[in-house]
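Counting in this note's numbering, the sequence shown runs from 12 upward without gaps.
Worksheet: the structure to be examined is printed underneath.
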Amino acid sequence: MIERVCYDDAAQTMSIAFRSAIKYFYYDVPEPVFAAFCQAASAGTFFNEQIKGRFRCQRDPDRRRFGPNANLELPAR
Numbered sequence: 012m013i014e015r016v017c018y019d020d021a022a023q024t025m026s027i028a029f030r031s032a033i034k035y036f037y038y039d040v041p042e043p044v045f046a047a048f049c050q051a052a053s054a055g056t057f058f059n060e061q062i063k064g065r066f067r068c069q070r071d072p073d074r075r076r077f078g079p080n081a082n083l084e085l086p087a088r
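This is the structure:
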C-alpha cells in the first residue's frame with residue numbers, strides 16, 4: 012500500500028507516496044509519530060490507525076494522475 016515515507020522535521024510535514032502513484036502531505040505530524048511509523052511491523056496498519064484522519068493532509072499537486080479518468084493536456088509542439 013505504501014511505497015515511500017519522508018519527513019521534514021523543521022516543518023513537521025510527512026509525505027507518503029502510495030503504490031497507486033498518489034502522494035499526500037500530512038501536516039503538523041510530531042517526530043515521534045514518524046519514528047513509530049518507521050518502526051511499525053505493518054506500515055499500512057499504522058497508517059490506518061495512527062495517521063489517516065488524524066492530521067491535515069493535501070494531495071501533492073505536482074504529482075500527475077494517470078489512468079482512464081486522468082485529464083492530461085499535452086504541451087503544444
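We treat Cβ as the ideally placed atom computed from N, Cα and C, and that holds for glycine.
All figures in this text were calculated on a predicted structure; none of them were measured in a lab.
Round the Cβ separation of residue i and residue j to the nearest angstrom and send it over; I've been treating them as touching at under 8 angstroms.
| i | j | result |
| --- | --- | --- |
| Asp-71 | Tyr-18 | The Cβ separation is near 15 angstroms, so there is no contact. |
State the Cα-Cα distance for the pair residue i and residue j, rounded to the nearest angstrom.
| i | j | result |
| --- | --- | --- |
| Tyr-38 | Met-25 | 7 angstroms |
| Phe-66 | Ala-51 | 18 angstroms |
| Gly-64 | Asp-73 | 22 angstroms |
| Asp-20 | Met-12 | 24 angstroms |
| Arg-30 | Gly-55 | 11 angstroms |
Which same chain residues end up closer than 6 angstroms to residue i when comparing Cβ atoms and leaving out the 5 residues on each side of it in sequence?
| i | result |
| --- | --- |
| Phe-45 | Tyr-18, Met-25 |
| Gln-69 | Phe-36 |
Under 7 angstroms Cβ to Cβ from residue i, same chain only, skipping five residues before and after it: list those, please.
| i | result |
| --- | --- |
| Pro-41 | Gln-23 |
| Arg-15 | Ala-28 |
For residue i, is the classification buried or exposed, using 16 other Cβ atoms within 10 angstroms of its Cβ as the cut-off for buried?
| i | result |
| --- | --- |
| Ile-145 | This structure gives no information on residue 145, because the portion of the chain shown stretches from 12 to 88. |
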